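In this text, residue positions in the sequence shown follow the UniProt record's numbering: the first is 1, and each later residue adds one.
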Amino acid sequence: MPIIPISFTEHLPKAVFAKVIRRFMYNVQRQESHQQEKCERREFETRVVAAALQILGMSSLDDIPRLHKIPKSAQEGSQNITGKLYLHTVSKAILDTFICADSKALDIISSVLDEEEIEQIHATQMMSPDGRFMCRSPGCPATYKHDGKRRRQHEQQHDPPPVIADIILSDSNSERSVPDSSKKDDVYNYNCCLLSYGLLFTEFLDAVAEGDGDRNLRCWKMFLLHFKNDTGSTKYAVEALYYSLQVNSLLTPRQAYRLKWNRSVKGKASNVPLDLDLEHDNKALKEEVKELHRNVTVKAVNRLCKTQFVKRGMWRTMMIA
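Here's what the structure looks like:
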């Protein structure tokens, strides 16, 4: 953390000294935020390296891969096709092992099939013309909106009560393994979740930097599931859903193409999101308005706004030269 010299501050007026202190604290907060982001990225990168070491069968960074050995043709150059295929193979193994585990996928598919079978069973039950569930006792006119507890309690009041067959799912429900809470590894699950979220967010940042509209849309579809699951991100889930609806149904093909491929602008090293580029313009404009001091007028601010893009073009020309 930088230190303000005492000899520098003891001769300053109070107003100037307060301004220096505020600027100093602002720089400290920016440095702390930058260091925190750096630590979070390092934490994610360590998980990627650890997953790669386990997949390759390596005990250290200096070890030689024992499980997925590097082909000799892949070591000849960086633009070798064999090397890219080898990298894709290792990446796929990491995803299949730590993120897209077969057991989790089977559980999700089985739960979806169970819901569909239950809906089919409900569809075959006795329904009234207005779509309500009828009492299964012969001659009873009672109807219910849902096939729930109140319907079953009413049916049990009849003498004799109707015989109701239990719902038996055709899926191999009995063979499905139920996870044992005593064998659950919370540390392993935490690292797998961190690896999954980190890879998804890194893929999104890379899609923005490359200006890849198709990959950006795929990332937003995955974000929709995470935002919907998070109780505090409902508005983000709505925005993700609205973006997908715009591209696929609401807009014309030309408008959808422009929306999908016009979400970033060219920056110094890579593409920058449009909203972030606008924030940069707002910051530059506010600094120029602040320099006007007491000469701030509507006419002066309008003049600065009109020259904003001209100054940006001149700055880019100077940077290229």
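Idealized CB from N, CA, C, for every residue including glycine.
Only a predicted model underlies this, so the values are computations on that prediction, with no experimental measurement involved.
When you compare the stretch 220-230 with the stretch 268-280, are there three or more beta-carbon pairs, one atom per stretch, that lie closer than 8 Å? Too few Cβ pairs lie closer than 8 Å, so no.
Identify the continuous beta strand (DSSP E) that holds VAL265 and give its terminal residues. For the purposes of this step, residue 265 is taken as residue 265 along the sequence shown, with counting starting at 1. Segment 264-266, the beta strand (DSSP E) holding VAL265.
Run the proximity test for GLY57: is its beta-carbon closer than 8 Å to any non-hydrogen atom belonging to the ligand GTP? The ligand GTP is absent from the structure shown, which contains no ligand whatsoever.
Stretch pair the stretch 202-221 + the stretch 57-64: three plus CB contacts closer than 8 Å: Not touching, per the Cβ criterion.
Would you tell me roughly how many angstroms separate the C-alpha atoms of LYS283 and PRO65, rounded to the nearest one? In the sequence shown, residue 283 corresponds to position 283, counting from 1. In the sequence shown, residue 65 corresponds to position 65, counting from 1. Distance from the CA atom of LYS283 to the CA atom of PRO65, rounded to whole angstroms, is 50 Å.
Please report the straight-line C-alpha distance between ASP212 and VAL296, rounded to a whole angstrom. For the purposes of this step, residue 212 is taken as the residue at position 212 of the sequence shown. For the purposes of this step, residue 296 is taken as the residue at position 296 of the sequence shown. Near 42 Å, if we compare the C-alpha coordinates of VAL296 and ASP212.
For ASN302 and ARG312, what's the separation of their Cα atoms in angstroms? The sequence position of residue 302 within the sequence shown is 302, counting from 1. The sequence position of residue 312 within the sequence shown is 312, counting from 1. Whole-angstrom Cα-Cα distance: 16 Å.
Cβ-Cβ distance between ALA52 and ILE94 below 9 Å: In the sequence shown, counting from the first residue as 1, residue 52 sits at position 52. In the sequence shown, counting from the first residue as 1, residue 94 sits at position 94. With respect to ILE94, ALA52 sits close: the two C-beta atoms are nearer than 9 Å.
Between LEU304, THR252, TRP220, ARG150, which lies nearest to LYS290 when the distance is taken from Cα to Cα? Counted from its first residue, the sequence shown places residue 290 at position 290. Per the Cα distances, LEU304.
Best match in LYS184, GLY198, LYS145 for proximity to VAL49 [C-alpha to C-alpha]: Position 49 of the sequence shown, counting from 1, holds the residue named residue 49. Ranking the options by Cα distance to VAL49, first place goes to GLY198.
If I measure Cβ to Cβ from GLN156 and keep anything under 6 Å in the same chain, skipping five residues before and after, which residues do I get? The sequence position of residue 156 within the sequence shown is 156, counting from 1. Apart from the 5 residues on each side of it in sequence, GLN156 has no Cβ closer than 6 Å to any other Cβ in its chain.
State the Cα-Cα distance for the pair ALA237 and VAL247, rounded to the nearest angstrom. Position 237 of the sequence shown holds residue 237. Position 247 of the sequence shown holds residue 247. Near 16 Å, if we compare the C-alpha coordinates of VAL247 and ALA237.
Helix, strand or coil for MET58 per DSSP? Within the sequence shown, the letter at position 58 stands for residue 58. Three-state DSSP puts MET58 in coil, outside helix and strand.
The beta strand (DSSP E) with PRO273 in it runs from where to where? For the purposes of this step, residue 273 is identified with residue 273 of the sequence shown, where counting begins at 1. Counting along the chain, the beta strand (DSSP E) containing PRO273 begins and ends at 271-273.
Return the CA-CA distance between GLU175 and TYR188, expressed in angstroms with no decimal places. For this step, residue 175 is matched to residue 175 along the sequence shown. For this step, residue 188 is matched to residue 188 along the sequence shown. Per-residue confidence for GLU175 stands at a pLDDT of 45, beneath the threshold of 50, marking its modelled position as unreliable; the derived number appears in the next sentence. Taken atom to atom, the span from the alpha-carbon of GLU175 to that of TYR188 is near 25 Å.
Reducing DSSP to helix, strand and coil, say where THR234 ends up. Your numbering for residue 234 matches position 234 in the sequence shown. Here THR234 sits in helix by DSSP.
Pick helix, strand or coil for THR297, following the three-state DSSP scheme. Residue 297 sits at position 297 when you count from the first residue of the sequence shown. Looking at THR297 - three-state DSSP - the assignment turns out to be coil, as it is neither helix nor strand.
Please state the DSSP three-state secondary structure of THR307. Your numbering for residue 307 matches position 307 in the sequence shown. THR307: coil per DSSP, three-state reduction.
Quick check: the Cα distance between ALA240 and GLN54, rounded to an integer number of angstroms? Counting from one through the sequence shown, the residue named residue 240 turns up at place 240. Counting from one through the sequence shown, the residue named residue 54 turns up at place 54. Rounded to the nearest angstrom, the two C-alpha atoms are 35 Å apart.
Do you know offhand how far SER249's Cα is from HIS68's? Taking the sequence shown and counting its residues from 1, one reaches residue 249 at position 249. Taking the sequence shown and counting its residues from 1, one reaches residue 68 at position 68. If you take the alpha carbons of SER249 and HIS68, they lie about 44 Å apart.
Through-space distance from CYS193 to ARG316, alpha-carbon basis: Here residue 316 is taken as the residue at index 316 of the sequence shown, counted from 1. Here residue 193 is taken as the residue at index 193 of the sequence shown, counted from 1. Roughly 41 Å between the two C-alpha positions.
Going by DSSP, what residue range makes up the alpha helix (DSSP H) through ASP130? Stepping through the sequence shown from its first residue, residue 130 is reached at position 130. No alpha helix (DSSP H) contains ASP130, which DSSP labels as neither H nor E.
In the structure shown, what three-state DSSP assignment does THR252 receive? Locating residue 252 in the sequence shown gives position 252, counting from the first residue. In the three-state DSSP reduction, THR252 falls in the coil class, being neither helix nor strand.
Return the CA-CA distance between GLY83 and LYS72, expressed in angstroms with no decimal places. The count along the sequence shown starts at 1 and reaches residue 83 at position 83. The count along the sequence shown starts at 1 and reaches residue 72 at position 72. When only Cα atoms are considered, GLY83 and LYS72 end up about 9 Å apart.
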